[in-house]
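Peer 1:
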Amino acid sequence: AFMSGPSFAAEVAAEAPTAVTIASHVPAVAARAQLLLSTPRFRAYRTHDVAGVELCGALKNVLAIACGVSDGLRYGANGRAALITRGTYEITKLAVARGASPLTMSGLAGMGDIVLTCTGDLSRNRTVGLRLGRGEALQDITASMSAVAEGVPTARAAHALAQKLGVECPVLEGIYRVIHEGADAAGVVLASMSRDLKPEVEGHVAAAVGAALPAKL
Numbered sequence: 002a003f004m005s006g007p008s009f010a011a012e013v014a015a016e017a018p019t020a021v022t023i024a025s026h027v028p029a030v031a032a033r034a035q036l037l038l039s040t041p042r043f044r045a046y047r048t049h050d051v052a053g054v055e056l057c058g059a060l061k062n063v064l065a066i067a068c069g070v071s072d073g074l075r076y077g078a079n080g081r082a083a084l085i086t087r088g089t090y091e092i093t094k095l096a097v098a099r100g101a102s103p104l105t106m107s108g109l110a111g112m113g114d115i116v117l118t119c120t121g122d123l124s125r126n127r128t129v130g131l132r133l134g135r136g137e138a139l140q141d142i143t144a145s146m147s148a149v150a151e152g153v154p155t156a157r158a159a160h161a162l163a164q165k166l167g168v169e170c171p172v173l174e175g176i177y178r179v180i181h182e183g184a185d186a187a188g189v190v191l192a193s194m195s196r197d198l199k200p201e202v203e204g205h206v207a208a209a210v211g212a213a214l215p216a217k218l
């Protein structure tokens, strides 16, 4: 089983109310883990979409760096909200291309964890982005941190996955360029705003969402 969701370790340890998603291809395993882990202050939900939960758990860290960069550049709440929304859409496109359910992106492992990691002050990845946006060098940032910011190596994996699947991911690709190619953070953010205009949701993604919804709501 795989567990993910909006759950800063310090808050879980302090018994702050927390909810997560447990994923397993075996329904009985997910149900058993859900039963064992749930308490009055820690609630677990279950799903069979292992791929979707795993992708969200990894890629949200890259998106958190992007949001930190935007905040470090003082691009405001509008910019952060746009990055969260479009970044979530990019993760959804990658998930659909890998056969995951697009609905997972709207759950705790998706939007829940994304919002927490992209806005929370305890987020290591957002902290890396903040410092990058303020002009610090990546090697100085990582050298000064006692914990690992997973989004740094994951940005390379996200770039490789997007290239392999042929999925356009300007937000994730932009952070890859900033981290691993030394691109100017402000230039990358502003360049993403000058891309060709297009529909908000591509047809194949809308079709995947429609197929995932029950016939009767």
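Taking my numbering, the leading residue of the sequence shown gets 2, the next gets one more, and so forth. Glycine included, C-beta positions come from ideal geometry on N, C-alpha and C.
1. Apart from the five residues just before and just after C57, which ones in its own chain have a Cβ nearer than 8 Å to its Cβ?
2. Note down the Cα distance separating D279 from P28, rounded to an integer number of angstroms.
3. DSSP three-state call for S193: helix, strand or coil?
4. Under a three-way DSSP split, which group does V21 fall into?
5. Should the region 64–75 be called in touch with the region 33–49, which here means at least 3 C-beta pairs below 8 Å?
6. Mind checking whether S193 and V172 have CB atoms under 9 Å apart?
7. Once DSSP output is grouped into helix, strand and coil, what is the label at S8?
8. Counting beta carbon pairs with one atom in the region 129–144 and one in the region 72–79, are three or more of them shorter than 8 Å?
9. Go ahead and label N79 buried or exposed: buried means 16 or more other beta carbons lie within 10 angstroms of its beta carbon, across all protein chains shown.
10. Which of the three DSSP states, helix, strand or coil, is assigned to R87?
11. Among the candidates E169, R157, A144, whose CA atom is the shortest distance from the CA of T89?
12. Thinking C-beta only, is T155 closer than 9 Å to A10?
Peer 2: With the structure as the only source:
1. By one-based count along the sequence shown, residue 57 stands at place 56. Correct list, in chain order: S5, I92, A96, T105, M106, A110, G111, D114, I115.
2. Residue 279 lies beyond the stretch modelled for the chain, which goes from 2 to 218, so this question has no answer here.
3. Taking the first residue of the sequence shown as position 1, residue 193 is located at position 192. In this structure, S193 counts as helix in the three-state DSSP scheme.
4. Counting from 1 along the sequence shown, the entry for residue 21 is found at position 20. V21 sits in a strand when the DSSP states are folded into three classes.
5. No, the region 64–75 does not touch the region 33–49.
6. Mapped onto the sequence shown, residue 193 falls at position 192. Mapped onto the sequence shown, residue 172 falls at position 171. Yes, the Cβ-Cβ distance between S193 and V172 is below 9 Å.
7. For the purposes of this step, residue 8 is taken as residue 7 along the sequence shown, with counting starting at 1. In this structure, DSSP gives S8 a state outside helix and strand, which the three-state scheme calls coil.
8. The region 72–79 is in contact with the region 129–144.
9. Residue mapping note: residue 79 aligns to position 78 of the sequence shown, counting from 1. Label assigned to N79: exposed.
10. Taking the first residue of the sequence shown as 1, we reach residue 87 at position 86. Correct three-state label for R87: helix.
11. What you label residue 89 is simply residue 88 of the sequence shown in a count that begins at 1. Looking at the Cα atoms, E169 is the closest of the given residues.
12. Numbered from its first residue, the sequence shown carries residue 10 at position 9. Numbered from its first residue, the sequence shown carries residue 155 at position 154. No, the pair does not count as a contact, with Cβ atoms beyond the cut-off.
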